[in-house]
Amino acid sequence: MRLDARRDDGAGAIVVIAMSGIVVVAFVIALLVTDLLSARARAAAAADLGALAGAPAAASRADDEACATAAWVVHQNDATLRACTVIDLDISVTASARPKALWSRWLSALAAGSPEPQVTARAGLR
Numbered sequence: 252m253r254l255d256a257r258r259d260d261g262a263g264a265i266v267v268i269a270m271s272g273i274v275v276v277a278f279v280i281a282l283l284v285t286d287l288l289s290a291r292a293r294a295a296a297a298a299d300l301g302a303l304a305g306a307p308a309a310a311s312r313a314d315d316e317a318c319a320t321a322a323w324v325v326h327q328n329d330a331t332l333r334a335c336t337v338i339d340l341d342i343s344v345t346a347s348a349r350p351k352a353l354w355s356r357w358l359s360a361l362a363a364g365s366p367e368p369q370v371t372a373r374a375g376l377r
């Protein structure tokens with residue numbers, strides 16, 4: 252009985268195509284995770300800066316001015332103000348940021364509208 256060596260012709264190409272597909276999928280997943288982490292970092296920076304910007308007005312008991320200042324700073328940092336509260340002499344700012352890549356937003360919408368990353372920061376005299 253003699254084995255036919257030609258039965259294995261093209262097997263290497265199939266392995267290369269399969270491995271290439273795995274590499275592409277891993278790369279896309281890495282891009283998604285990076286984009287979401289970037290959105291969270293932007294939200295954190297915006298919340299921190301918004302709280303710090305609104306703290307002087309909160310300390311002088313000008314609640315509306317404190318939240319207006321925080322909202323402006325959050326908006327300038329490409330994020331959305333979700334909540335702003337002034338309690339005593341402290342201001343608490345919650346901000347969220349959308350992923351920048353279009354395909355990240357599409358995937359987020361496809362995944363039952365998963366929420367944008369939200370971060371809360373606090374600043375004040377306490």
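Per my numbering, residue 252 is the first one in the sequence shown, and the count goes up by one each step.
In this text, a Cβ means the ideal position worked out from N, Cα and C, and glycines have one as well.
Because the structure is a prediction, the values reported are computed rather than measured.
*Would you kindly check if the distance between the Cβ of VAL337 and the Cβ of LEU300 is under 7 angstroms?*
no
*Exposed or buried, which one is ILE280 when buried takes at least 16 other CB atoms within 10 Å?*
exposed
_Bridge partner(s) assigned by DSSP for ASP341_ = ILE338, GLY375
*asked:* Between which residues of its own chain and ALA308 is the CB-CB distance below 7 angstroms, once the five residues before and five after are set aside?
replied: GLU316, ALA317, THR320
*Three-state secondary structure assigned by DSSP to SER347*: strand
*Which whole-angstrom value is the C-beta distance of ALA346 and ALA298, which I expect to be below 8 angstroms?*
4 angstroms
*ARG312: buried (16+ other C-beta within 10 angstroms of its C-beta) or exposed?*
exposed
*From the DSSP output, read off the bridge partner residues of LEU332.*
ALA346
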